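Quick note, our numbering runs 36 ahead of the 1-based positions in the sequence shown.
Before any comments, here is the structure.
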Amino acid sequence: MKNKRLRLKIFILLLILIIMYAGCDLNKNENTIKIISIDPVEGLTAEVPQIFKIEVEYTLSTDESGYIWIGFNSDNKSINSGPNIFPTHKSYSIKKGSGKILFEGTGTPVDWSKYNISFSVMATLSAHNNGRFGDLAVDKKEIMK
């Protein structure tokens, strides 16, 4: 009889927990970044510098502050260059929460077609020097094939 009561209590407790968490956002501690617009994307010429406007939306929930970095894979001349290298062109300090930021910066489109890769922009959300290094979230979008 005691076993049945204990099982019933455990079942009721589990049922209560399921009901409490139903509909809750289980991704509250998710850090995200998304490139939502790039201008211009047409009429670009390889090796001709271009001013780009890049809009990103972000959510930083695991740290009190962080950085958003924007980079283009536009370096094809230095020793540490290549189609998968995105040096920082602009950065912006952010606080915990969500928002949108519009970056404006110069990138030089590169014809990476021999590598079957496109000229692209990358947005990176990183922790703010809290002893933990590394990217919290990354988004990359093609600009020119």
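We put the CB at the ideal spot given by N, CA and C, even for glycine.
Computed from a prediction, not measured in an experiment: that's the story for all the values here.
Quickly, what does DSSP pair residue i with across the bridge? List them, please.
i	result
Asp171	Ser162
Tyr94	Ile69 and Gly135
Gly141	Phe88
Val157	Phe108 and Lys177
Asp75	Lys89
Gly102	Ile130 and Ala163
Thr124	Gly107
In whole angstroms, give me the CA-to-CA distance for residue i and residue j.
i	j	result
Val146	Ser101	33 Å
Ser182	Thr95	Within the shown structure, residues of the chain are numbered from 37 to 181, placing residue 182 beyond reach of any answer.
Glu66	Lys131	15 Å
Ser127	Ile48	51 Å
Asp175	His125	15 Å
Trp148	Ile52	57 Å
Ile121	Lys45	57 Å
Nearest CA to the CA of residue i: which residue from the options?
i	options	result
Ile69	Val77, Phe108, Asn109 and Ser162	Ser162
Glu91	Pro85, Gly141, Lys40 and Pro123	Gly141
Ile72	Leu138, Ala173, Ser154 and Lys181	Leu138
Phe155	Asn39, Lys45 and Glu83	Glu83
Thr144	Ile87, Asn39, Asn120 and His164	Ile87
Glu193	Ile121, Met158 and Asp111	Nothing in the structure corresponds to residue 193, since the chain is present only between 37 and 181.
Asn177	Ile52, Ile106, Ser149 and Ser117	For clarity, residue 177 is Lys in the given sequence; the question names Asn instead. It is Ile106 whose Cα lies nearest to the Cα of Lys177.
His164	Pro85, Tyr103 and Pro119	Tyr103
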